[in-house]
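S.K.: Residue numbers (UniProt numbering): 1 to 127.
One structure follows; several queries about it will come next.
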């Protein structure tokens, strides 16, 4: 099922679609949490995730937003309650990694800088 995922820009608003996990049980609806990801251009994507959603889902979603194929250079970073920065681990549940309560706010960032940027295949990734 698809559910709206709002992308807010400085100059206005636009709407995009995002996969939203759904279940018929009322219990699963109460487990949905709001998640906001600040993108490289300071725009934000807000969506709802479930407790079991893994970090890779958000990384894939943001890379799809930018049409990035070379995802290995990027990651999602969050700040814990003690103001420490952490990278969201792709293979772990987002809920288990976050020590704070929803709504969650994270940032999409460049995680790795290659030694030779000209060897990057996609021009969009180099930018």
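The beta-carbon is built from N, C-alpha and C at its ideal position, and this holds for glycine as well.
With 16 other CB atoms within 10 Å as the buried threshold, where does residue 47 fall?
M.R.: Buried: at least 16 other Cβ atoms inside 10 Å.
S.K.: Mind the definition here: the segment 66-78 touches the segment 104-114 only if three or more C-beta pairs lie below 8 Å; say whether that holds.
M.R.: In short, these stretches touch, since the Cβ pair count reaches three.
S.K.: Starting from residue 104, follow the beta strand (DSSP E) in both directions and report where the run begins and ends.
M.R.: Unbroken beta strand (DSSP E) run through residue 104: 104-110.
S.K.: For residue 85, list the residues DSSP reports as bridge partners.
M.R.: 79.
S.K.: Only counting the same chain, and skipping five residues up and downstream in sequence, which positions put a Cβ closer than 6 Å to that of residue 107?
M.R.: 38, 77, listed in sequence order.
S.K.: With DSSP as the reference, label residue 216 as helix, strand or coil.
M.R.: Here the chain has residues from 1 to 127 only, and residue 216 is not among them.
S.K.: Just the Cα atoms here: how many angstroms apart are residue 40 and residue 104?
M.R.: Roughly 17 Å separates the two Cα atoms.
S.K.: Just verifying my parser: in three-state terms, what is the DSSP assignment at residue 71?
M.R.: In this structure, residue 71 counts as helix in the three-state DSSP scheme.
S.K.: Going by DSSP in three states, residue 92 sits in which element: helix, strand or coil?
M.R.: Residue state, collapsed to three classes: coil.
S.K.: In whole angstroms, what is the alpha-carbon distance linking residue 32 and residue 96?
M.R.: Cα to Cα, residue 32 sits roughly 14 Å from residue 96.
S.K.: Hey, would you say residue 54 sits closer than 7 Å to residue 102, going by beta carbons?
M.R.: No, Cβ-Cβ distance for residue 54 and residue 102 is not below 7 Å.
S.K.: When you compare each of 43, 42, 44, 56 to residue 94 by their alpha carbons, which one comes out closest?
M.R.: Cα-wise, what sits closest to residue 94 is 56.
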